[in-house]
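Have a look at the structure below, then the notes.
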Amino acid sequence: MTDTPSATAVVVAPPARASWKDLVPAIALIITVVGLLLGGGKILGRVESNSQRIEKLEQRADTRDVEQSDMKADLAAINAKLDLLIRRTSERP
C-alpha cells in the first residue's frame, strides 16, 4: 500500500520577551536622529537670525552712504564759498 508519513506534533514555545539590552541599538538610533533634528533646527534658527542681522547692517550701510554723499555735497558747497571769499579778499588792496 502506500506509505504516508505520520504527522508529528511540534511544540512551539511562545516568543521570549525582548530585554532592554536588545533595544539599545534602536534607542541609540532614536537619540541620534533626535539630536540631529535639534541641531539642524538650531542651525536654521541661527541662519535666520544672521540673515535678519545682515539685512539690518545693509540698510545701515545704505543710510550711511546717503548721509556721506550729502556731507560731500555740503563740503563741496562750503569749499566753493571759501574759495570765493579767498578770491575776494586777495583782490582787495
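Heads up: the sequence shown runs through residues 21 to 113, numbered per our numbering.
Think of the CB as a built atom: it goes at the ideal place given N, C-alpha and C, for glycine as much as any other residue.
Quick caveat, the model's predicted, so the values are computed rather than measured.
Three-way DSSP call (helix, strand, coil) for Ala100 in this model
It is helical.
Can you give the Cα-Cα distance for Thr52 and Gln72, rounded to whole angstroms?
Spanning the two alpha carbons is a distance of roughly 30 Å.
Measure the alpha-carbon distance for Ala81 versus Ser89 and round it to whole angstroms.
C-alpha separation (whole angstroms): 12 Å.
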